[in-house]
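Peer 1: Below is one structure. I have some questions about it.
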Amino acid sequence: MTAPPIAQTAPLSSQSDIDAEIAFAHARAAAAETQPQLAFPAYRSSVLRHPTKDLRHADPEGAELFAPVFGHTDIDPLEADLTVQHGGEPIGERIRVSGRVLDGDGRPVRNQLVEIWQANAAGRYIHKRDQHPAPIDPNFTGVGRCLTDSNGGYSFVTIKPGPYPWRNHRNAWRPAHIHFSLFGTDFTQRMITQMYFPSDPLFALDPIYQAITDQNARDRLVAKYAHDVSEHEWLLGYRWDIVLTGSHRTAMESEDDDE
Ligand SMILES: [Fe+2]
Numbered sequence: 085m086t087a088p089p090i091a092q093t094a095p096l097s098s099q100s101d102i103d104a105e106i107a108f109a110h111a112r113a114a115a116a117e118t119q120p121q122l123a124f125p126a127y128r129s130s131v132l133r134h135p136t137k138d139l140r141h142a143d144p145e146g147a148e149l150f151a152p153v154f155g156h157t158d159i160d161p162l163e164a165d166l167t168v169q170h171g172g173e174p175i176g177e178r179i180r181v182s183g184r185v186l187d188g189d190g191r192p193v194r195n196q197l198v199e200i201w202q203a204n205a206a207g208r209y210i211h212k213r214d215q216h217p218a219p220i221d222p223n224f225t226g227v228g229r230c231l232t233d234s235n236g237g238y239s240f241v242t243i244k245p246g247p248y249p250w251r252n253h254r255n256a257w258r259p260a261h262i263h264f265s266l267f268g269t270d271f272t273q274r275m276i277t278q279m280y281f282p283s284d285p286l287f288a289l290d291p292i293y294q295a296i297t298d299q300n301a302r303d304r305l306v307a308k309y310a311h312d313v314s315e316h317e318w319l320l321g322y323r324w325d326i327v328l329t330g331s332h333r334t335a336m337e338s339e340d341d342d343e
């Protein structure tokens, strides 16, 4: 199988160019590659900004002298509700996303700082680089955090984010997603990933999602609708667990990824 040519003017590549590149990368991938390929040509910017050298090994204790820290009293429970951060209700579909953070043996990871950020219901971030013509919601910032409880559980109330365009190729759209950061027990352990929503028609087209070549690993990034999490006349519920290690580990991405 010959690699399809990569267009030099990346923004002008078509979706069918991208589809061909994704299919080629998947055909060449080893079985059960459960983490994203760092240099995935269909995800244009990954080729230039992925690490090409061995990671710099930091002395964990030395890093802790300068790294951000947090205390349990620093996090207000209200920070887990992204719908109450302003004077009014944000527009969109109110949802709760709940789940557990687990280690590879299924044990709960307690007191874990979980941070999320996301677009609003119209698919717009409050960020100077996001200038696409969708409305900013004055009642929605799209940032929240919480600590996992004694069962490893986390829970956020938020607005379902919309899909949004990006400049990877012509007519490129990201599936709706919520970015998650797990702080770990110290700063050098931070992990970042994205959670998606079930049955999104954009999954097959998205080179970030498809940079994970194993279907089961991709599926693990998709939350499930959970009616027991839904609340009567108030919100719809989703459940999504995060596994930090082992063969069912949640796929994580490099900290440079910001789409
Ligand atoms: Fe995003």
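Positions in the sequence shown are counted from 1; adding 84 to them yields our numbering. Ideal Cβ positions, reconstructed from N, Cα and C, are used throughout, including at glycine.
1. Between Ile262 and the rest of its own chain, which residues show a CB-CB distance below 6 Å, the 5 nearest in sequence each way excluded?
2. Looking only at its chain, what residues have a beta carbon closer than 6 Å to the beta carbon of Val241, apart from the 5 residues adjacent to it on each side?
3. Let me confirm a value: Gly183 is counted as buried when at least 16 other C-beta atoms fall within 10 Å, else exposed. Which label applies?
4. Would you kindly work out how many angstroms separate the C-alpha atoms of Ser314 and Glu105, rounded to a whole number?
5. For Gln202, list the residues DSSP reports as bridge partners.
6. Which whole runs of the beta strand (DSSP E) in the segment 271-332 are 3 residues long or more, in chain order?
7. Taking the beta strand (DSSP E) that Gly228 falls in, what are its first and last residues?
8. Just curious, the alpha helix (DSSP H) that Arg194 is in, first and last residue?
9. Is it right to say Asn195 is buried, meaning 16 or more other beta carbons lie within 10 angstroms of its own, or is it exposed?
10. Is Arg208 near ligand 1, with its Cβ less than 7 Å from a heavy atom?
11. Using a Cβ-Cβ cutoff of less than 6 Å, which residues in the same chain neighbour Ala205 once the five nearest sequence positions on both sides are dropped?
12. So what's Gly146 in DSSP terms, helix, strand or just coil?
13. Return yes when at least one heavy atom of ligand 1 lies under 7 Å from the C-beta of His216, else no.
14. Between His216 and the rest of its own chain, which residues show a CB-CB distance below 6 Å, the 5 nearest in sequence each way excluded?
Peer 2: Reading off the structure:
1. Here Ile262 has Ile200, Gln202 and Met279 as same chain residues with Cβ atoms under 6 Å from its own Cβ, once five neighbours each way along the sequence are excluded.
2. If we look at Val241 and ignore the five residues flanking it on each side, its Cβ neighbours are Asp165, Thr167 and Arg180.
3. Its Cβ being crowded by 16 or more others within 10 Å, Gly183 is buried.
4. In this structure, the alpha-carbon of Ser314 lies about 39 Å from that of Glu105.
5. Answer by DSSP bridge pairing, in chain order: Ile262.
6. Listed in chain order, the complete beta strand (DSSP E) runs (minimum 3 residues) inside the segment 271-332 are 275-280 and 320-323.
7. For Gly228, the enclosing beta strand (DSSP E) starts and ends at Val227 to Leu231.
8. Counted as a single uninterrupted DSSP element, the stretch harbouring Arg194 is not any alpha helix (DSSP H), since DSSP gives it neither H nor E.
9. Counting of Cβ neighbours within 10 angstroms places Asn195 among the exposed residues, the total staying below 16.
10. Arg208 Cβ: outside cutoff for every heavy atom of ligand 1.
11. Closer than 6 Å at Cβ, skipping near neighbours: Ile175, Gly176, Ile243 and Gly246.
12. Three-state DSSP puts Gly146 in a helix.
13. Because no heavy atom of ligand 1 lies under 7 Å away, the Cβ of His216 does not count as near it: no.
14. Cβ within range, chain order: Pro249.
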